[in-house]
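These notes concern the structure reproduced below.
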Amino acid sequence: METTERNHIIYAIGEGVVSPLGFTASTVYEAVRNGERAGRAHEGTFGLPEPFFASLLDEARLKNAFSALWDYGCDGYTKLEMAAILAANQAIEEANIAPDRDNVIFILSTTKGNVELLEDNPYEPERLYLWHTAQMVADFFDNPNTPIVVSNACISGCAAQIEAFRQLRHAGYRYAVVVGADMLSKFIISGFQSFKALSPELCKPFDGSRRGLNLGEGAAALVYTIDDPGTELPAGTLVAEGEAICNDANHISGPSRTGEGLLRAIQKATKGYDTSRTAFINAHGTATPYNDDMESIAIHRAGLQDIPTNSLKGYFGHTLGAAGILEVILSAHALRNGIVLASAGTEEPGTAADIHICLETKPVQGDGFLKLISGFGGSNAVLRFSITK
Amino acid sequence: MGKHNFDIESYCRITNDKVVVNNELLMQKGESGDWLADIYHHIGMQYPKFFKMDHLCKVGTLAAELVLKDKTFDRETVKADWAVILMNSASSLDDDRQYQETIRDRENYYPSPSIFVYTLANIVTGEIAIRHKIGGESSFYVFEHFDGARMDELVARAFDDNPELNTLLCGWVDYDTDGCDVLLCSFIRKESKESSENIAEYLNQLYKNQ
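Given below as structure tokens:
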């Protein structure tokens, strides 16, 4: 096994987004910048007896976009597979790499894949398996390597990027295509409803009167590459600088009351780093009472309570396996423009510990940001990035 | 072959008909219908939470108990120098299928939070982390088949990347319509040195030898 020295630099060279707010990363960024929110009330959707708020992708639009890419049309592809392929394709085109080469590895982040097929599966039985979904994506691009699936609940998108860094450092690949995607269904919505985790209105991350989360559909992709230390990078490049995953060892569905795992992950990802360089923290901010309290405690304990902090869930909901990738892409866009995005939906911050929640989009100082994410299974991940000047 | 920075401390193989721990046959399936409960009782485990778990978490929890049964360690404090990294083929599909039954009909609709909570593959890493107070990384990967080379790579780079890591539980924990298929190992850090051992091949042998 070839091990590349840790001081090599890993950076993004392509991005892709498929979201109810738009079908490219820039259009979604513009929509978010303009304060658009994709969450809507849905009644009777997916045959659910109770109404819910969510951000759903328009299937006709998705099929149109996919047909434009693929001469043979959408037959034989699920909504999830189409969205994942479209996002990956954007990222690959921007990166200008040949995805059929053996120096490219595909990594899929998903929590539930094609789980809606349990209700009715017109395809082969393997379509329910996450490895098969990843293979469909890799096959679309004629990639010769066995793709990797990271399924780490809500932290999957960040964990998949960490897996990409490891593949680039250790496995000899030159490029890693990281794709995150999850679609909503009766299965997922009913489960979150049974947990009483869904907000009966548009979500209000970190707000004192927050009542739960909104779910959202989406796919997002990043292409990462690795280079020798000291390589000159174009201004505005997203560079991966630190990462950590830590478990709370506390509860499978409830976050730690003391933010223990997240605090450890923050400390590990920022070890030896001058945190005054941090322009902002993009938190998980699901808008459930427990998650946001836990994050506020961990941020405060880490001494980062004065750093501007936002949640992007108010724009497009919790996009599950796509969240960690989509939110990194949008945070990178914001920092390139020298701003932190407002936490849409937050009116009066109110969390267990006082932290600096951004109510408005505003200019920031610093060249780095932290991405925080936590999820079921007690897992927490932190990524630290910088944007080159 | 090449440089190694870890040793296999212990392993456990659980299939539908037997349990093997460190080359010893611990038990074979008897007449009873509940194989995982039989293992639980046979090893004298005292952990009532076990009975709330889905099959995947049950079999993963049993395997972790077995690989750690003779290890001396601090069972009371959360250990940041321990990690748990698992893989399988079916993610949480066994529990997904059960949950689906609770929402199939509008007339018979009773979505259960206690079943839904297990519809994520990585919950088993969480259960093991809670039981043994593992505060380092917890990760879950999905591949079509077990592959000793893949596991060797995951373990080697985990020790390489993370100087704090001392004990790693890593392995294959699968539960599907055809039952359970588990190979879990406990790995510990050692000084990196040249070795002629082929760990990938050794892991493949442990997996094949049922």
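The listed protein sequences derive, respectively, from chains A and B.
With the first letter of the first sequence counted as 1, position 148 gets the number 1443 in the numbering used here; the numbers rise by one all the way through.
With the first letter of the second sequence counted as 1, position 172 gets the number 179 in the numbering used here; the numbers rise by one all the way through.
Glycine is no exception: its CB is placed at the ideal position from the N, C-alpha and C atoms.
Chain B contact for residue i (CB, 8 Å cutoff)
{"i": "V1445 of chain A", "result": "yes"}
{"i": "Q1600 of chain A", "result": "no"}
{"i": "Q1456 of chain A", "result": "no"}
{"i": "E1338 of chain A", "result": "no"}
{"i": "K1608 of chain A", "result": "no"}
{"i": "K1499 of chain A", "result": "no"}
{"i": "R1596 of chain A", "result": "no"}
{"i": "K1566 of chain A", "result": "no"}
{"i": "K1481 of chain A", "result": "yes"}
{"i": "F1611 of chain A", "result": "no"}
{"i": "Q1385 of chain A", "result": "no"}
{"i": "F1490 of chain A", "result": "yes"}
Closer than 7 Å at the beta carbon, the chain B residues around residue i
{"i": "N1556 of chain A", "result": "Correcting the residue type first, residue 1556 of chain A is Gly in the shown sequence and not Asn. Per Cβ cutoff of 7 Å: G142."}
{"i": "V1410 of chain A", "result": "D103"}
{"i": "M1544 of chain A", "result": "Reading off the sequence, residue 1544 of chain A comes out as Ala, not Met. What A1544 of chain A touches in chain B: V85, A136, I137, K140, I141 and G142."}
{"i": "L1413 of chain A", "result": "D103, R104 and Q107"}
{"i": "S1485 of chain A", "result": "I110 and P118"}
{"i": "R1559 of chain A", "result": "A87 and G142"}
Residue i versus residue j - alpha carbon distance
{"i": "K78 of chain B", "j": "A90 of chain B", "result": "15 Å"}
{"i": "E171 of chain B", "j": "L43 of chain B", "result": "34 Å"}
{"i": "A1360 of chain A", "j": "L1352 of chain A", "result": "12 Å"}
{"i": "N169 of chain B", "j": "S1504 of chain A", "result": "40 Å"}
{"i": "M60 of chain B", "j": "V28 of chain B", "result": "23 Å"}
{"i": "A165 of chain B", "j": "D159 of chain B", "result": "10 Å"}
{"i": "L33 of chain B", "j": "T84 of chain B", "result": "29 Å"}
{"i": "K1608 of chain A", "j": "S1638 of chain A", "result": "8 Å"}
{"i": "T68 of chain B", "j": "F13 of chain B", "result": "23 Å"}
{"i": "T1299 of chain A", "j": "D45 of chain B", "result": "Its pLDDT being 47, under 50, T1299 of chain A is placed unreliably by the model, and the measurement read from it follows with that caveat. Using only the alpha carbons, I get a separation of about 47 Å."}
{"i": "A1336 of chain A", "j": "D154 of chain B", "result": "46 Å"}
{"i": "G1368 of chain A", "j": "C19 of chain B", "result": "48 Å"}
{"i": "A1386 of chain A", "j": "E151 of chain B", "result": "26 Å"}
{"i": "V1323 of chain A", "j": "K25 of chain B", "result": "53 Å"}
{"i": "T1526 of chain A", "j": "S121 of chain B", "result": "51 Å"}
{"i": "V1313 of chain A", "j": "V1474 of chain A", "result": "11 Å"}
{"i": "N115 of chain B", "j": "T109 of chain B", "result": "7 Å"}
{"i": "E31 of chain B", "j": "C192 of chain B", "result": "14 Å"}
{"i": "S1685 of chain A", "j": "E1354 of chain A", "result": "No information on residue 1685 of chain A is available, as it lies outside the stretch 1296 to 1684 that chain A covers here."}
{"i": "S96 of chain B", "j": "V149 of chain B", "result": "5 Å"}
{"i": "G40 of chain B", "j": "K215 of chain B", "result": "25 Å"}
Amino acids of chain B, ordered along the chain, whose beta-carbon sits closer than 9 Å to that of residue i
{"i": "I1540 of chain A", "result": "A90, G143, E144, S145 and S146"}
{"i": "H1465 of chain A", "result": "E160, A163, R164, D167 and D168"}
Test: residue i CB closer than 8 Å to a CB of chain A
{"i": "S202 of chain B", "result": "no"}
{"i": "R113 of chain B", "result": "yes"}
{"i": "G40 of chain B", "result": "no"}
{"i": "A70 of chain B", "result": "no"}
{"i": "L93 of chain B", "result": "no"}
{"i": "A207 of chain B", "result": "no"}
{"i": "G67 of chain B", "result": "no"}
{"i": "G133 of chain B", "result": "yes"}
Beta-carbon neighbours of residue i, restricted to chain A and to distances below 7 Å
{"i": "V149 of chain B", "result": "L1425, W1426, V1444 and S1446"}
{"i": "S98 of chain B", "result": "L1425 and S1446"}
Cutoff 6 Å; reference residue i; Cβ partners in own chain excluding five residues on either side
{"i": "G1670 of chain A", "result": "A1448, C1449 and I1450"}
{"i": "Y1372 of chain A", "result": "none"}
{"i": "Q1462 of chain A", "result": "I1400, Y1468 and A1471"}
{"i": "I1521 of chain A", "result": "H1303, I1305 and L1463"}
Residues near residue i in its chain [Cβ-Cβ closer than 7 Å; skip 5 each side]
{"i": "S1446 of chain A", "result": "T1405, T1406 and L1425"}
{"i": "S1453 of chain A", "result": "First, the residue type needs correcting, since residue 1453 of chain A is Cys and not Ser in the sequence shown. Contacts found: G1619, K1666, I1668, A1676 and L1678."}
{"i": "L213 of chain B", "result": "Y18, R20 and L190"}
{"i": "K1657 of chain A", "result": "I1634 and V1635"}
{"i": "S1681 of chain A", "result": "V1534, E1536, D1662 and G1663"}
{"i": "G133 of chain B", "result": "S145"}
{"i": "N1409 of chain A", "result": "T1373, L1375, R1422, L1423 and T1428"}
Within chain B, the residues that residue i reaches when beta carbons sit closer than 8 Å
{"i": "T1406 of chain A", "result": "L127"}
{"i": "I1547 of chain A", "result": "V124, I130, G133, E134 and I137"}
Listed by chain order, chain E residues near residue i by CB distance under 7 Å
{"i": "R1461 of chain A", "result": "The displayed structure is made up of protein chains A and B, and chain E is not among them."}
Same chain, Cβ closer than 8 Å to residue i, five either side skipped, listed in chain order
{"i": "D219 of chain B", "result": "Outside the displayed range of chain B (8 to 217) lies residue 219 of chain B, so it cannot be described from this structure."}
{"i": "P1442 of chain A", "result": "I1400, F1401, I1402, L1403, W1426, A1429, Q1430, V1432 and A1433"}
{"i": "E1297 of chain A", "result": "Note on E1297 of chain A: pLDDT 43, under 50, position unreliable in the model; no value is reported."}
Practice problem: Give, in chain order, every residue of the segment 1652–1679 of chain A whose Cβ lies closer than 7 Å to some Cβ of chain B. | Solution: Interface annotation for the segment 1652–1679 of chain A against chain B: F1671, G1672, G1673 and S1674, criterion Cβ-Cβ distance under 7 Å.
Quiz item: Of the residues that make up the segment 116–129 of chain B, which ones have a beta carbon closer than 7 Å to any beta carbon in chain A?
Solution: Within the segment 116–129 of chain B, the residues whose Cβ lies closer than 7 Å to some Cβ of chain A are Y116, P118, S119, P120, F123, V124, T126, L127, A128 and N129, listed in chain order.
Self-check item: Residues in the segment 164–182 of chain B having any Cβ partner in chain A nearer than 7 Å
Solution: Answer set for the segment 164–182 of chain B: R164, D167 and D168.
Quiz prompt | Residues from the segment 1325–1355 of chain A in contact with chain B, defined by Cβ distance under 9 Å | solution = Answer set for the segment 1325–1355 of chain A: G1342, L1343 and P1344.
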